[in-house]
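Colleague: Below: one structure in structure tokens.
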Amino acid sequence: MTGDGPGRQGGGLTTGEVARRLGVAPTTVRSWVRRYGLGPVPHTGGKHRRWTSEDFARLERMCALTTTGLPPSEAARLAREQAAPVAERTPQRSGATQGSGATHLGARAGLPSGDVRQECRGLARAAFRLDPCALDELLTSVITDHGLVAAWTEVIMPTLQVVGRKWATTGEKYEEVEHLLSWHVVGALRRSVPPAPAGRPAATTLLACVPGENHTLPLEVLAAALAERGMPIRMFGADLPVEALVEAVHRTGPAAVGLWAQSRATASGPLARRVAAMEWGVRGARRRPVVLTLGPGWAGKAEPGLQCPSGLAEALTALRSAVGAAGRAGDRPVRAEAAPEGSGAASGA
1213 MTGDGPGRQG GGLTTGEVAR RLGVAPTTVR SWVRRYGLGP VPHTGGKHRR
1263 WTSEDFARLE RMCALTTTGL PPSEAARLAR EQAAPVAERT PQRSGATQGS
1313 GATHLGARAG LPSGDVRQEC RGLARAAFRL DPCALDELLT SVITDHGLVA
1363 AWTEVIMPTL QVVGRKWATT GEKYEEVEHL LSWHVVGALR RSVPPAPAGR
1413 PAATTLLACV PGENHTLPLE VLAAALAERG MPIRMFGADL PVEALVEAVH
1463 RTGPAAVGLW AQSRATASGP LARRVAAMEW GVRGARRRPV VLTLGPGWAG
1513 KAEPGLQCPS GLAEALTALR SAVGAAGRAG DRPVRAEAAP EGSGAASGA
């Protein structure tokens, strides 16, 4: 039997699929099977285990109970006695639909909503358990399976939103969950792209948070997506001071600059205009960067002549266009000689 789906004879989920949906490592599932007898019943023929809806419901119940602090042995006993009705907990494969209570997170990028919902739940459970190994495994898997942009849009960002809502509705509990999840997301993003090639990049993109802005995660996603596409970047991270930003632009001559602001309080129109007005290069062939104002902080603060993409896909398109135009024009970054103190080049005026 091929086991292509739960409805076929010999079908069901593999142990790896079950682990992914529950937000645990496959070794943890196998350990629960061995210690507490929660494996597939009855065993199917063939080399690999297949989990039916009843099997999954029982194990899902145990997983939920362990998050409340119950010892695994007690959680397993209760799961065997009080497994939830199958109709409420049937695991779905690709293309399957969920009940009326499902959140259709897959609509934007075309991922099947059932799979997205299960992956979000698994990732959230691993985060609330503060399970670093499971987080790394799940994040790597979802990025590998779906690609970085779809993984962020359909699974990772919705999971972060779930954690944020939990924090906001429980008297600001679970802040540690959000911090751990964010840290592991950054690690997974950086592992997902190859290292930058040696040598001086051609047309590059400079990314930085504006002064006073410390929310770097969305900018990390954009940096990883650009690197995934082979586009050179320089990432300066959180809270880059004004003069440091100006000096970085002056020294590297980027084709494009992305300025991230999470809050309206940090979004600075004068700073964006100052960067957009900077010039460098030999006299008679001066160049300026394309400046993108990124993030919700810029909402309602559009700057004339500057692009303000509404999301990750739009930002990627705009940056690829800017870098491509620079490349077609033979525009290579030229490091300017150190300008005298107070000169226009150094100040960006």
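Just so you know, the sequence shown maps onto residues 1213 to 1561 in the numbering used here.
Note that the Cβ used here is the ideal one computed from N, Cα and C, for glycine as well.
1) T1417 lies in the beta strand (DSSP E); which residues open and close that run?
2) Based on Cα-Cα distance, which residue from L1419, L1351, L1434, A1288 lies nearest to H1396?
3) Return the CA-CA distance between A1269 and E1331, expressed in angstroms with no decimal places.
4) Rounded to whole angstroms, what is the Cα-Cα separation between H1391 and V1374?
5) Count the other CB atoms, across all protein chains shown, that sit within 10 Å of the CB of L1506; report buried if there are 16 or more and exposed otherwise.
6) Using only the alpha-carbon positions, how far apart do P1466 and C1421 sit?
7) Can you give me the C-alpha to C-alpha distance between P1370 and V1398, rounded to a whole angstrom?
8) From G1334 to A1473, what does the alpha carbon distance come to, in whole angstroms?
9) Take G1536 as the anchor and find which of M1443, P1344, P1516, R1486 has the nearest alpha-carbon.
10) Please list, in chain order, all residues of the same chain as E1515 whose beta carbon is under 7 Å from its beta carbon, the five residues on each side excluded.
11) So, at 7 Å on beta carbons, what are the nonlocal neighbours of G1376 in its own chain, with the 5 sequence-adjacent residues on each side left out?
12) Distance check for L1434 and L1528, CA to CA, integer angstroms please.
13) Is C1275 buried or exposed, if buried means 16 or more other CB atoms sit within 10 Å of its CB?
14) Select from L1290, S1475, V1487, A1400 the residue whose C-alpha is nearest the C-alpha of G1517.
15) Could you tell me which of R1273, R1498, D1343, G1470 sits nearest to A1530, measuring between CA atoms?
16) Distance, Cα to Cα, E1387 vs R1247?
17) Is R1262 near G1224, with beta carbons less than 8 Å apart?
18) What's the gap between the Cα of Q1310 and the Cα of R1329?
19) May I have the straight-line CA-CA distance separating G1235 from E1229, to the nearest angstrom?
20) Residues in the same chain with beta-carbon distance under 6 Å from V1502, minus the five sequence neighbours each way, listed in chain order, please.
21) What residue from R1403, E1366, A1511 has the CA that sits closest to E1349's CA?
22) Under 8 Å, do A1437 and L1360 count as touching if we go by C-beta distance?
23) Check the C-beta distance from V1405 over to A1439 and give it rounded, since I have them as a contact under 8 Å.
24) Give me the Cβ distance between P1423 and L1452, rounded to the nearest whole Å; I'm assuming they're in contact under 8 Å.
25) Report buried or exposed for E1293, applying the criterion of at least 16 other Cβ atoms within 10 angstroms of its Cβ.
26) Could you tell me the distance, in whole angstroms, from the CA atom of G1449 to the CA atom of L1419?
27) How is L1250 classed by DSSP in three states: helix, strand or coil?
28) With a CB to CB cut of under 6 Å and the five nearest residues on each side skipped, what residues in its chain are close to T1382?
29) Could you tell me if G1477 is buried or exposed, where buried requires 16 or more neighbouring beta carbons within 10 angstroms of its beta carbon?
30) For G1470, which three-state DSSP category applies?
31) Under 8 Å between the Cβ atoms of L1290 and L1271?
32) Measuring only the C-alpha atoms, how far is T1365 from G1523?
33) Tell me the DSSP secondary structure of T1505 in three-state form.
34) Nearest-angstrom Cα distance between T1226 and S1353?
35) Quick check: A1489 and W1510, are their CB atoms within less than 8 Å of each other?
36) What is the C-beta distance between T1464 and R1446, in whole angstroms, given that I count them as a contact (C-beta under 8 Å)?
Modeller: With the given structure in hand:
1) Membership of T1417 in the beta strand (DSSP E) is indicated by the continuous run 1417-1421.
2) Considering only alpha carbons, the answer is L1351.
3) Answer to the nearest angstrom: the Cα atoms are 16 Å apart.
4) Cα-Cα distance, rounded: 13 Å.
5) So L1506 ends up on the buried side.
6) Cα atoms of P1466 and C1421: separation of roughly 16 Å, rounded to the nearest angstrom.
7) One C-alpha to the other measures close to 16 Å.
8) If you take the alpha carbons of G1334 and A1473, they lie about 30 Å apart.
9) Comparing Cα positions, the closest option is M1443.
10) G1481, A1484, R1485, T1505, listed in sequence order.
11) Correct list, in chain order: E1390.
12) Roughly 7 Å between the two C-alpha positions.
13) Under this definition C1275 is a buried residue.
14) Nearest of L1290, S1475, V1487, A1400 to G1517, Cα basis: V1487.
15) Residue G1470 is the option with its Cα nearest to A1530.
16) Rounded to the nearest whole angstrom, the C-alpha separation of E1387 and R1247 is 33 Å.
17) Yes, the pair counts as a contact, with Cβ atoms nearer than the cut-off.
18) Note that Q1310 scores 29 on pLDDT, short of 50, meaning its location in the model is unreliable and no value can be drawn from it.
19) Going by the C-alpha atoms only, they are around 10 Å apart.
20) Here V1502 has A1468, A1534 as same chain residues with Cβ atoms under 6 Å from its own Cβ, once five neighbours each way along the sequence are excluded.
21) Of R1403, E1366, A1511, the smallest CA-CA separation from E1349 is found for R1403.
22) Between A1437 and L1360, the CB-CB gap stays under 8 Å.
23) With 8 Å as the limit, V1405 and A1439 qualify as a contact, their Cβ atoms being about 4 Å apart.
24) Cβ atoms of P1423 and L1452 come within 8 Å of each other, at about 7 Å.
25) So E1293 counts as exposed.
26) A direct Cα-to-Cα measurement between G1449 and L1419 gives close to 7 Å.
27) DSSP places L1250 in coil when its eight states are reduced to three.
28) Around T1382: no qualifying Cβ.
29) In the sequence on display, residue 1477 carries Ala and not Gly. Result: exposed.
30) Reduced to three states, the DSSP call for G1470 is strand.
31) Contact flag unset, no.
32) Answer to the nearest angstrom: the Cα atoms are 9 Å apart.
33) In the structure shown, T1505 adopts extended strand secondary structure according to DSSP, grouped into three states.
34) Roughly 15 Å separates the two Cα atoms.
35) With contacts defined by Cβ atoms closer than 8 Å, A1489 and W1510 do not form a contacting pair.
36) With a Cβ gap of about 6 Å, T1464 and R1446 count as contacting.
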